[in-house]
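Participant: Below is one structure. I have some questions about it.
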Amino acid sequence: MLHNRLPTRKNLAYRKAFGIGAEPPCPFCSHHSESKLHLFMHCSYSWSVWCKILLWLGMSMVMPGDMLSLMYCFTCGMGRDKGKKGLMLVWHTVMWSIWLARNELIFSNKRYTIDDLVEGIQIKKVLGMVVEEKRRPPESPL
Numbered sequence: 001m002l003h004n005r006l007p008t009r010k011n012l013a014y015r016k017a018f019g020i021g022a023e024p025p026c027p028f029c030s031h032h033s034e035s036k037l038h039l040f041m042h043c044s045y046s047w048s049v050w051c052k053i054l055l056w057l058g059m060s061m062v063m064p065g066d067m068l069s070l071m072y073c074f075t076c077g078m079g080r081d082k083g084k085k086g087l088m089l090v091w092h093t094v095m096w097s098i099w100l101a102r103n104e105l106i107f108s109n110k111r112y113t114i115d116d117l118v119e120g121i122q123i124k125k126v127l128g129m130v131v132e133e134k135r136r137p138p139e140s141p142l
């Protein structure tokens, strides 16, 4: 994703996958070309997802200008040491969920509301925490 190899519509158009001069717009907003920056950060749909997730986490931030900076915000720039794994899980879950919602819309014509997507992210985050907790060895009673 950070190496610009994701098959977004903009990348596919660059590779002439749609023919010369054709570039379908973003499936979420239909207003801009679908670059990775637009799809995951600048599209009004994705932006709303990020805003709701940050509100849920009790956090706020200014949306950075690139993907690496956004990842940095969730891995190094926010929270305490204990919460960094959880924030990284949130970042991965949001990115993956936006990508899956995009594919569902393109290939199955299924549109998720922002609230549905956010709820799914919240559930995946909680499930991820449960799995992580189960992997942890039990604490010594001493």
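Using full-length UniProt numbering, read the sequence shown as starting at 1 and increasing by one per residue. Ideal Cβ positions, reconstructed from N, Cα and C, are used throughout, including at glycine. These numbers come from a predicted model, not from an experiment.
Three or more C-beta pairs closer than 8 Å, one from the region 24-41 and one from the region 102-115: is that the case here?
Facilitator: Cβ pair count under 8 Å is three or more, so yes.
Participant: With distances taken between CB atoms, is the gap from LEU87 to LEU127 smaller than 9 Å?
Facilitator: Residue 87 sits at position 87 when you count from the first residue of the sequence shown. Residue 127 sits at position 127 when you count from the first residue of the sequence shown. No, Cβ-Cβ distance for LEU87 and LEU127 is not below 9 Å.
Participant: Apart from the five residues on each side of it in sequence, which residues of its chain come closer than 8 Å, Cβ to Cβ, to THR93?
Facilitator: Within the sequence shown, residue 93 is the residue found at index 93, counting from 1. Same-chain partners within the cutoff: ILE121, LYS124, LYS125, GLY128.
Participant: Could you spell out where the alpha helix (DSSP H) holding MET67 opens and where it closes?
Facilitator: Numbered from its first residue, the sequence shown carries residue 67 at position 67. Where MET67 is concerned, the enclosing alpha helix (DSSP H) stretches over 67-72.
Participant: Does the beta-carbon of SER46 have 16 or more other beta-carbons within 10 angstroms, so that it is buried, or is it exposed?
Facilitator: Taking the first residue of the sequence shown as 1, we reach residue 46 at position 46. It is buried - the Cβ of SER46 has at least 16 other Cβ atoms within 10 Å.
Participant: Indicate, with yes or no, if the ligand FMN has a heavy atom lying under 8 Å from the CB of HIS92.
Facilitator: Of ligands this structure carries none, so the ligand FMN is not represented either.
Participant: Taking the beta carbon of CYS73 as the centre, do at least 16 other beta carbons fall within 10 Å, making it buried, or is it exposed?
Facilitator: Counting from 1 along the sequence shown, the entry for residue 73 is found at position 73. The residue is buried, with at least 16 neighbouring Cβ atoms inside 10 Å.
Participant: Expressed to the nearest angstrom, what Euclidean distance is found between the alpha-carbon atoms of MET71 and MET95?
Facilitator: Here residue 71 corresponds to residue number 71 of the sequence shown, with the count starting at 1. Here residue 95 corresponds to residue number 95 of the sequence shown, with the count starting at 1. Their backbone Cα atoms lie some 10 Å apart in a straight line.
Participant: With a CB to CB cut of under 8 Å and the five nearest residues on each side skipped, what residues in its chain are close to MET63?
Facilitator: Here the question's residue 63 lines up with position 63 in the sequence shown. MET41, HIS42, TRP47, TRP50, LEU70.
Participant: Answer yes or no: do SER97 and LEU117 have a C-beta to C-beta separation smaller than 9 Å?
Facilitator: Here residue 97 corresponds to residue number 97 of the sequence shown, with the count starting at 1. Here residue 117 corresponds to residue number 117 of the sequence shown, with the count starting at 1. Cβ distance < 9 Å, so SER97 and LEU117 count as in contact.
Participant: Under 6 Å Cβ to Cβ from ARG111, same chain only, skipping five residues before and after it: list those, please.
Facilitator: What you label residue 111 is simply residue 111 of the sequence shown in a count that begins at 1. For ARG111, where only same-chain residues beyond five positions count, the Cβ hits under 6 Å are LEU105.
Participant: Look at LYS85 and CYS76 and say whether their C-beta atoms are less than 9 Å apart.
Facilitator: In the sequence shown, counting from the first residue as 1, residue 85 sits at position 85. In the sequence shown, counting from the first residue as 1, residue 76 sits at position 76. For LYS85 and CYS76, no; Cβs fall outside 9 Å.
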